[in-house]
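Engineer:
Number of protein chains: 2
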Amino acid sequence: MYRDKTCGELRLADAGQEVRLAGWVQRIRKMGGMTFIDLRDRYGITQIVFNQEINADLCEAANGLGREYVVEITGKVEERTSKNKNIPTGEIEIIASAVKVLNKSDIPPFTIEDNTDGGDDLRMKYRYLDLRRPCVRKNLELRHRMAFEIRRYLDSKGFLEIETPILVKSTPEGARDFVVPSRMNPGEFYALPQSPQLFKQLLMVSGYDRYFQIAKCFRDEDLRADRQPEFTQVDCEMSFVEQEDVIQMFEGLVKHIFKYVKDIDFADPFPRMTWHDAMRLYGSDKPDIRFGMPFVELTDLVKGKGFAVMDDAELTVGIVANGCAAYTRKQIDQLTDFVKRPQVGAKGLVWVKVEADGSIKSSVGKFFDEEQLRGWASRMGAEAGDLMLIMSGEAMKTRKQLCELRLEMGNRLGLRDKDVFAPLWVVDFPLFEWDEETQRYYAMHHPFTSPNPEDIPLLHSDTGKVRATAYDIVVNGTELGGGSIRIHDSELQDTMFELLGFTPERAREQFGFLMDAFKYGAPPHGGLALGFDRFVSILAGLDTIRDVIAFPKNNSGRDVMNESPSQLEPGQLEELSLRLDLPEK
Amino acid sequence: MYRDKTCGELRLADAGQEVRLAGWVQRIRKMGGMTFIDLRDRYGITQIVFNQEINADLCEAANGLGREYVVEITGKVEERTSKNKNIPTGEIEIIASAVKVLNKSDIPPFTIEDNTDGGDDLRMKYRYLDLRRPCVRKNLELRHRMAFEIRRYLDSKGFLEIETPILVKSTPEGARDFVVPSRMNPGEFYALPQSPQLFKQLLMVSGYDRYFQIAKCFRDEDLRADRQPEFTQVDCEMSFVEQEDVIQMFEGLVKHIFKYVKDIDFADPFPRMTWHDAMRLYGSDKPDIRFGMPFVELTDLVKGKGFAVMDDAELTVGIVANGCAAYTRKQIDQLTDFVKRPQVGAKGLVWVKVEADGSIKSSVGKFFDEEQLRGWASRMGAEAGDLMLIMSGEAMKTRKQLCELRLEMGNRLGLRDKDVFAPLWVVDFPLFEWDEETQRYYAMHHPFTSPNPEDIPLLHSDTGKVRATAYDIVVNGTELGGGSIRIHDSELQDTMFELLGFTPERAREQFGFLMDAFKYGAPPHGGLALGFDRFVSILAGLDTIRDVIAFPKNNSGRDVMNESPSQLEPGQLEELSLRLDLPEK
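The listed protein sequences correspond, in order, to chains A and B.
The first sequence begins at 1 in the numbering used here and counts up by one.
The second sequence begins at 1001 in the numbering used here and counts up by one.
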């Protein structure tokens, strides 16, 4: 061992002790014949002192050190004269009696501190240096603590962690699979799992009763802002349960983790909202309910008054921004520009102000008289000083656009405090989603989701109306996780495959083993998966999951640190019975 | 919830309670107007009783159930008249008042019990039914408990569990990589990690100080008897440590787990043996030291006596089988056949008996007189009643062959008790291995293993003699894990790459990021990885790791349950810019 103490543990009570520390040189300062070094390791920072008068050679050696050098220091703990109240070791310093350079360091390409001068690209290329910054380390420490506590909690509830395979069967439903050519079975491929879904259902068939796994999952998608090709989920499944049981169990887990990490108590049950209400009131299946500003529909009030935009619209819907009647033209133009951005895609924005003095102003004053506009205000609950923001168009599209605007207003008004957490359950999702392009239904969750038993008679007659026994848990506008009660009846599963356009042959080929398994006594079962990266990032107060992953990939799926993916050796492809067939440049 | 109690929890104290259970029908028996059902879940078996006289309809319904039906039972707990002492619920039974079939079951292809009638292939095809057998479930429960306890222990020692990527850079050293074509980067591939080696070293450069991970690893090897293409290891790394620190830490972990699982105390430190002694005394770098029977070399005694086999041999070496002088001709022939099997590959076996009366008999009596043979016996410590078994040939080959024979004798003499555990550390491995075929040195562990500091001067002059700072932990003849102190000096690392035949360009291409990282203050570090599947199987008393993996693959790397790997959809290959190039049949 190159040390007997860490840089985070010495206190005033240790004064007088001879100690040996090892770590990195964070900072060197020379002050009138003295040299001070801040020595850093994972546990903290300790000040080391060298005195020119007492030991000139040693002080010389210290002066020769550079930032990020790795050194072993021997010395005596002493009380500091000028104490540093900001760090736990700030009452002491080490009077060095020996220093040994364990490794030198080139000058790092950016400073190793929370407020670094390194940009995103540079920090990713030198991720091993970025990981030294205390703010990044704290995220990974939190991740470790959360993973451990989730395991402890689920273990205490009788869940068994069972590892399922990473080399699995490719099932081209859902997102795109990453595939792995099999050298031993030429022409055949494994896939990497998008989730352990089928395996966890098989484990329920096998009687494991309560399963979980903190599992790596993989999706070969074009990466949007905050996706990673590999991500981690807390994957769970339970037998002999109904929706209420699963919700109770995992609400308990989420509450426990909030208490454990943030010391937040949620005394009441998390609110629940149907998918239809979530869409109607917030235009999203993951509403941010840290603030109100619900949608109010005006369609019946606005039609037939000669304003073509609203006459032709399937839906006219608005929100009230309290206290924003004083917005300037410029501020309102910014909002209009915001909704017209391609990411939002609206054609325009109608506004109505109820001025502080009670008078009404609007961008559509030409088409609607004051009485009509007061009717809108009354429906929307807008009062003196409020601003109404209104959009029109095809119903679902307009809701999504207004959702973006609502969140933007939430940001502008400071209603989305990162230290406030507003979880809820969204329930009663539709079982199917109609796809215009391919003119067929897709499973909104996956083909194993159970319909709401009340809606089973509608499966063939009114397919789009069938509700799923599915539920998402949402925190602050982010989907933290979701799950469902699964189908355990093989006839109902056959019906689902049929409705999803599988021929019996194709269903058999893809899922034959699951259908077989269901013939040997499948229990009722259901479960849930939490996005673990997301869970950590929410509790760390971060906007992106990338900051809670030790070695993340960029938006092209590349690790810029080790430059992967990369080309193979010539012989490797041959062994795999593969040839490249590259598009011409 | 379909139950309020499990099938494992009811006791005499619960008599009189109304309960609801759910589970699988293990067995149905009719006895004089009564029907008895053994209802099974993960937690146990509870007896359910139906009485023809009291409720004929209900009894009828019970008689209609079949094996492995999933049922929900309501009834009253009562004390049994004839108690079953073999199961924890054996003092009670449930007098059923209602039964509900939750799912039917076809007749399973084999019986769901420890002594099943199902063969290996059938059980693997229906793995989800095999997993129902209590003996298999116990293995997975043990695996869960061990993983949890390892995490708890390492957490308590300040280790952070940090997830490293599964999509990594291909490095064609060591075993063959599984590769993953990147759709977004045509012509480029990720690899699946053979271990998190490089990442954990980078984490040490990043100052994480103590890292661990229970990590999936992948090797595309032709699968020998007990290998899996994906396996799990407890992967650890520490900074500012020397070999002794790593050994102390993980000896502590292994002892703790033995105590936790088997209640075994190892009071003394695990013995240590140099690699040279292990090879010399047991012909193996993973000796089974549950029994003695060490090798004794006779080369100097046997040469030049006119027996060509021994005259021409580099090494003549033997073991003493105590009390086996009475072996019959047939028994000795069996041993000769054993060593001649292709898996062992010896040409023959020489034996010498010291009979109970002290007389000497031998298969080489023609070549050696009694005095000479008594000289052998004296050197080997053979006494009246003992059998000496002796082999000759090229040194390393002969040692390996005699190692097989020693283990076989251990089996025959009952010296390899599964309930006895004999761990040891094997240390001082050679750093390099010479490969005759390619006429170059390979790293015996991996290119990042530090040489023993004393041997650094020999690196160029006597490369093959250089000892590594590497150590394996061995239990009962199985390698449980191993590790090393790593190189943290970039110049020494360059020398290693050079000795291993990397051009500077190639080293840079493969490991450039690591070499760069080492320039920014790499601390001294080292670590260890334990084979987790192996660890569980040793403690479960099993011969194969397959029994502790929920969904293992067979020797061709296939999952025979879901029939993977499998062919891709036509469009998938195209998207990946790949074409099949199958060998002609």
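No residue lacks a Cβ here, since even glycine has one placed at the ideal position from N, Cα and C.
Which stretch, first to last residue, makes up the beta strand (DSSP E) that contains Y471/A?
Structural biologist: It spans A470 to V475 - the beta strand (DSSP E) in which Y471/A sits, taken as one unbroken run.
Engineer: So, for A1022/B: in the same chain, excluding its five sequence neighbours on each side, which residues have a beta-carbon less than 6 Å away from its beta-carbon?
Structural biologist: Correct list, in chain order: Y1002, R1003 and E1072.
Engineer: So is P453/A in contact with chain B if we call contact Cβ pairs under 9 Å?
Structural biologist: No, because no Cβ of chain B sits closer than 9 Å to the Cβ of P453/A.
Engineer: Give the single residue among P1430/B, V1049/B and R1133/B whose Cα lies nearest to the Cα of I1607/B.
Structural biologist: Nothing about residue 1607/B can be read from this structure; chain B reaches only from 1001 to 1585.
Engineer: Who are the near neighbours of G1075/B in its chain, counting only those whose CB is closer than 6 Å to its CB and skipping five residues on each side?
Structural biologist: Closer than 6 Å at Cβ, skipping near neighbours: I1094, I1095, A1096 and S1097.
Engineer: Let me check one thing: in DSSP terms, what residues is Q1213/B bridge-paired to?
Structural biologist: Looking at the DSSP assignment, Q1213/B forms a beta bridge with D1235/B.
Engineer: Give, in chain order, every residue of the segment 162-185 of chain A whose Cβ lies closer than 9 Å to some Cβ of chain B.
Structural biologist: Per Cβ criterion, the list reads I162, E163, T164, P165, I166, L167, V168, K169, S170, P172, R176, D177, F178, V179, V180, P181, S182, R183, M184 and N185.
Engineer: Just the Cα atoms here: how many angstroms apart are K100/A and N1139/B?
Structural biologist: C-alpha separation (whole angstroms): 50 Å.
Engineer: If you draw a straight line from the alpha carbon of P1269/B to that of M1249/B, how long is it in whole angstroms?
Structural biologist: Their backbone Cα atoms lie some 12 Å apart in a straight line.
Engineer: Answer yes or no: does any C-beta atom of chain B fall closer than 9 Å to that of G481/A?
Structural biologist: No, its Cβ sits nowhere closer than 9 Å to a Cβ of chain B.
Engineer: Taking G557/A as the query, report the chain B residues whose CB atoms sit under 9 Å from its CB, ordered along the chain.
Structural biologist: Here the neighbours are L1167, S1182, R1183, M1184, N1185 and Y1190.
Engineer: Leaving out five residues on either side along the sequence, give the residues of the same chain with a beta carbon under 8 Å from the beta carbon of L1142/B.
Structural biologist: V1261, V1536, L1539, A1540 and V1548, listed in sequence order.
Engineer: Return the CA-CA distance between P165/A and P1552/B, expressed in angstroms with no decimal places.
Structural biologist: Going from the Cα of P165/A to the Cα of P1552/B covers about 8 Å.
Engineer: Specify whether the segment 1212-1229 of chain B and the segment 34-41 of chain A touch according to this definition: at least 3 beta carbon pairs, one from each stretch, less than 8 Å apart.
Structural biologist: Too few Cβ pairs lie closer than 8 Å, so no.
Engineer: With DSSP as the reference, please indicate the residues paired to S556/A in a beta bridge.
Structural biologist: Bridge partners of S556/A: none, in fact.
Engineer: Give me the chain A residues within the contact set of M1001/B, using Cβ-Cβ distance strictly less than 9 Å, ordered along the chain.
Structural biologist: Within chain A, the residues near M1001/B are F240, V241, E242, E244 and D245.
Engineer: Excluding sequence positions up to five away, which residues of its chain have a Cβ less than 6 Å from the Cβ of M1409/B?
Structural biologist: Here the set comprises A1321.
Engineer: Have a look at the DSSP bridge pairing and note the partners of G1044/B.
Structural biologist: D1041/B, per the DSSP bridge assignment.
Engineer: Beta-carbon of P1088/B versus every beta-carbon of chain A: anything under 9 Å?
Structural biologist: Not closer than 9 Å to any Cβ of chain A, the Cβ of P1088/B fails to qualify, so no.
Engineer: If you run the structure through DSSP and keep just helix, strand and coil, what is N86/A?
Structural biologist: The answer is coil: DSSP assigns N86/A none of H, G, I, E or B.
Engineer: Taking C-alpha atoms, which residue in T1495/B, K1125/B and L1407/B lies nearest to S1284/B?
Structural biologist: Looking at the Cα atoms, L1407/B is the closest of the given residues.
Engineer: Tell whether a beta-carbon distance below 9 Å holds between D1640/B and S1170/B.
Structural biologist: Nothing can be reported for residue 1640/B: it is not among the residues displayed for chain B, which extend from 1001 to 1585.
Engineer: To the nearest angstrom, how far is it from the Cα of Q1331/B to the Cα of R1374/B?
Structural biologist: So the two alpha carbons sit approximately 23 Å from each other.
Engineer: Identify the continuous alpha helix (DSSP H) that holds Q1026/B and give its terminal residues.
Structural biologist: Q1026/B -> not in any alpha helix (DSSP H); beta strand (DSSP E) instead, spanning E1018 to M1031.
Engineer: Flag this pair as touching only if the segment 201-212 of chain A and the segment 185-193 of chain A have three or more C-beta atom pairs under 8 Å; answer yes or no.
Structural biologist: With a cut-off of 8 Å, the segment 185-193 of chain A and the segment 201-212 of chain A do not count as touching, because too few Cβ pairs lie within range.
Engineer: Measuring alpha carbon to alpha carbon, tell me which residue in R329/A, R137/A, M561/A and A13/A is nearest Y1211/B.
Structural biologist: When each option's Cα is compared against that of Y1211/B, the closest is R137/A.
Engineer: Beta-carbon within less than 6 Å of G981/B's beta-carbon, same chain only, minus the 5 sequence neighbours each way: which residues are those?
Structural biologist: No answer is possible for residue 981/B: the residues shown for chain B start at 1001 and end at 1585.
Engineer: Once the 5 residues before and after K1085/B are set aside, which same chain residues still bring their CB inside 7 Å of it?
Structural biologist: No residues qualify anywhere along the chain.
Engineer: Quick one: residues in its chain with C-beta nearer than 6 Å to the C-beta of F291/A, no 5 flanking neighbours on either side, listed in chain order?
Structural biologist: Answer for F291/A: G410 and L415, listed in chain order.
Engineer: Taking buried to mean at least 16 other C-beta atoms within 10 Å of its own C-beta, is G483/A buried or exposed?
Structural biologist: By the neighbour-count rule (16 or more Cβ atoms within 10 Å), G483/A is buried.
Engineer: Going by DSSP in three states, R219/A sits in which element: helix, strand or coil?
Structural biologist: Here R219/A sits in coil by DSSP.
Engineer: If you draw a straight line from the C-alpha of L1160/B to the C-alpha of E9/A, how long is it?
Structural biologist: Going by the C-alpha atoms only, they are around 18 Å apart.
Engineer: So what's Y126/A in DSSP terms, helix, strand or just coil?
Structural biologist: Three-state result, Y126/A: coil.
Engineer: Checking 9 Å against the spacing of the C-beta atoms, do M273/A and V426/A come in under that value?
Structural biologist: Yes, Cβ-Cβ distance for M273/A and V426/A is below 9 Å.
Engineer: Expressed to the nearest angstrom, what Euclidean distance is found between the alpha-carbon atoms of K1286/B and I1545/B?
Structural biologist: Cα to Cα, the separation comes out at about 17 Å.
Engineer: Look at the alpha carbon of F266/A and the alpha carbon of S156/A, and state the distance between them as a whole number of angstroms.
Structural biologist: For F266/A and S156/A, the distance between alpha carbons rounds to 21 Å.
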